[in-house]
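As you go down the protein sequences, you meet chains A and B in turn.
Sequential numbering of the first sequence, starting at 2, is according to our numbering.
Sequential numbering of the second sequence, starting at 1490, is according to our numbering.
C-beta: ideal position from N, C-alpha, C; glycine also.
Comments concern the structure below.
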Amino acid sequence: MTATVELADVGRAYGERVALRDVTLTLEQGRTLAVFGANGAGKTTLLRILATLLRAHHGSVRVLGRELPREGWAVRGRIGFLGHQALLYRDLTARENLRFHARLHGVAPQRIDELLDAIGLRLRADEPVHTYSRGMVQRLAVCRTVLHAPELLLLDEPLAGLDPGAAEVVQALIGPGRGTRVVISHDVEHGLAEADEVLGLRGGRVALHAPAAQVSVADVRGLFA
Amino acid sequence: MRRAVVALVRKDLRLEARTRESVPAMVLFSLGTFVLFHFALDAQTVAGNLAAGVLWVTLLLAAVLGINRLFVAEREEGGFDGFLLAPVDRTAMFVAKASVLFAFLVLLEVVAVAAFAILLLERPPWHALPGLALLLALADLGIAVVGTLVGALAIQTRARDLIVPLLAIPLSVPLVIAGARGSAPLLAAAGAGALEGRWLLILGLYDLVFGLLAYAIFDFLLEE
Chain A
2 MTATVELADV
12 GRAYGERVAL
22 RDVTLTLEQG
32 RTLAVFGANG
42 AGKTTLLRIL
52 ATLLRAHHGS
62 VRVLGRELPR
72 EGWAVRGRIG
82 FLGHQALLYR
92 DLTARENLRF
102 HARLHGVAPQ
112 RIDELLDAIG
122 LRLRADEPVH
132 TYSRGMVQRL
142 AVCRTVLHAP
152 ELLLLDEPLA
162 GLDPGAAEVV
172 QALIGPGRGT
182 RVVISHDVEH
192 GLAEADEVLG
202 LRGGRVALHA
212 PAAQVSVADV
222 RGLFA
Chain B
1490 MRRAVVALVR
1500 KDLRLEARTR
1510 ESVPAMVLFS
1520 LGTFVLFHFA
1530 LDAQTVAGNL
1540 AAGVLWVTLL
1550 LAAVLGINRL
1560 FVAEREEGGF
1570 DGFLLAPVDR
1580 TAMFVAKASV
1590 LFAFLVLLEV
1600 VAVAAFAILL
1610 LERPPWHALP
1620 GLALLLALAD
1630 LGIAVVGTLV
1640 GALAIQTRAR
1650 DLIVPLLAIP
1660 LSVPLVIAGA
1670 RGSAPLLAAA
1680 GAGALEGRWL
1690 LILGLYDLVF
1700 GLLAYAIFDF
1710 LLEE
């Protein structure tokens, strides 16, 4: 199997504060890594480093076979990133937002309607995003994330703000089986159920790293204590 | 890169058409300033150096308002991340933003120069218009380039509203000098005089130098 993500002794600080320290892991193609940890544990920093949006201050980062940040140009466009922000313009409509991202990624416009249908937003596709509920914005953000059919999905609490029905719809686009995934979740049971591997962070350090089958809910809950 | 520039420009123009946050503010500011000058100078009309100074300083200060807002949507709505995640040349952002700012400045000047003529000039400056348009176009290019650089730098800081005028105004001094000196004879009381080529040359040189500089360093401004 090919490794999609390879981290060796990765660290990152914001000024004096160390957000991530000595993180080492390998994630094989097609597998899902669930990342758990309390607020400020370094989860989002890790995701942003993998997305090429942040530089690691030390250690080595390889994503999709390319070394970051030196070869970041080669992996942008192959990554789907869903962070805390939807990365959507509130005064544009859903369709305009997706068309904008489709142009940046060189994606055919037909894909936009397919995705709007898939998440049930076709009827409101021509309304500005600021008129949407939080759940609708999240569904649209998922569309934006998978618009260019990325090989690696980096998802920060992807089901936040979604009702069970919407969560099911969204899972069809970003759930297990949709390529290699790194998923940050605060829903321990659900996160564990769909993971192949588990990474637990505490204070920026790896506190838990094991196959999901060997990790219990109590192990993960211990990270939040 | 062309594809990304077109996408970014379309998106920015659409956002401006919908929100009307930049151009109307720039226009209103310039109109208000001309009215202030009209009363503060206690003169029915102005001409020559004074007219040129009033026009260029007002346009520059109005441009600062536009520069201040140039990257706000990218910062507040995650546009930077969305762009940085795309497989496109980062210089596309610079070219697109400079083009958008240039378009905003042209729109501003269409209204502001007309208002300036009505409020502060003795007679319509028809004969001065071709020369004035040329000077304004070259200066707009310079302001667009420097404004995009300064806007991208300032948006990364908390003191954005302070940084933009503190950097953009001093950097634009050569533009204002060349623009005002070049347009003074065009706005003379006796009628439009000749436009001196050296002021056009200075503006062109400024555009070239800052254009190359911006092209070289803009990538680094987008780095975290």
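*is_contact[Phe1528/B, chain A] using C-beta, thresh 8 Å*: no
*Helix, strand or coil: how does DSSP classify Pro70/A here?*
coil
*Check distances from the C-beta atoms of the stretch 43-62 of chain A to those of chain B and list, in chain order, the residues that come in under 8 Å.*
Ala52, Thr53, Leu54, Leu55 and Arg56
*In chain A, which residues lie with their C-beta within 9 Å of the C-beta of Asp1570/B?*
Arg49, Ala52, Leu54, Phe82, Gly84, Gln86 and Leu88
*Rounded C-beta distance between Arg145/A and Leu99/A? I'm assuming under 8 Å.*
6 Å
_Beta carbons nearer than 8 Å to chain A: which residues of the stretch 1572-1584 of chain B have them?_
Phe1572, Leu1573, Leu1574, Ala1575, Pro1576 and Val1577
*asked:* Rounding to the nearest angstrom, what Cα-Cα distance links Ala168/A and Leu83/A in this structure?
replied: 15 Å
*Please confirm whether Ala1703/B and Leu1638/B have their CB atoms less than 8 Å apart.*
yes
*Under 8 Å, do Arg1558/B and Glu1510/B count as touching if we go by C-beta distance?*
yes
*So, do the stretch 194-201 of chain A and the stretch 209-217 of chain A have three or more beta carbon pairs nearer to each other than 8 Å?*
yes
*Step through the CB atoms of chain B and report whether any lies within less than 8 Å of the CB of Asp92/A.*
yes
*Using a Cβ-Cβ cut-off of 6 Å (strictly less than) and excluding sequence neighbours within five positions of Pro70/A, which residues of its own chain qualify?*
Arg56
*Residues of its chain near Ala208/A, where Cβ-Cβ distance is below 7 Å and the 5 sequence neighbours each way are ignored*: Gly201, Leu202 and Leu224
*For the stretch 99-114 of chain A, which residues have a CB atom closer than 9 Å to at least one CB atom of chain B, in sequence order?*
Arg100, Phe101, His102, Ala103, Arg104, Leu105, His106 and Gly107
*From Val1698/B to Arg1687/B, what does the alpha carbon distance come to, in whole angstroms?*
16 Å
*Helix, strand or coil: how does DSSP classify Ile120/A here?*
coil
*asked:* Can you tell me whether Arg104/A is buried or exposed? The criterion is at least 16 other CB atoms within 10 Å of its CB, across all chains shown.
replied: buried
*For Glu97/A, the three-state DSSP class (helix, strand or coil)*: helix
*Compare the C-beta of Arg1647/B against all C-beta atoms of chain A and say whether one is closer than 8 Å.*
no
*Residue range of the alpha helix (DSSP H) that includes Glu1598/B*: Thr1580 to Leu1609
_Just to confirm before moving on: does the CB-CB distance between Gly1537/B and Ala1677/B stay below 8 Å?_
yes
*Give a yes or no on whether 8 Å exceeds the smallest Cβ distance from Gly1567/B to chain A.*
yes
*Measure the beta-carbon distance from Arg91/A to Glu1505/B and round it to whole angstroms, keeping in mind my assumption that it falls under 8 Å.*
Not really, about 14 Å apart at Cβ, beyond 8 Å.
*asked:* Could you check whether Val1665/B and Val1546/B sit closer than 8 Å to each other, using their CB atoms as the reference points?
replied: yes
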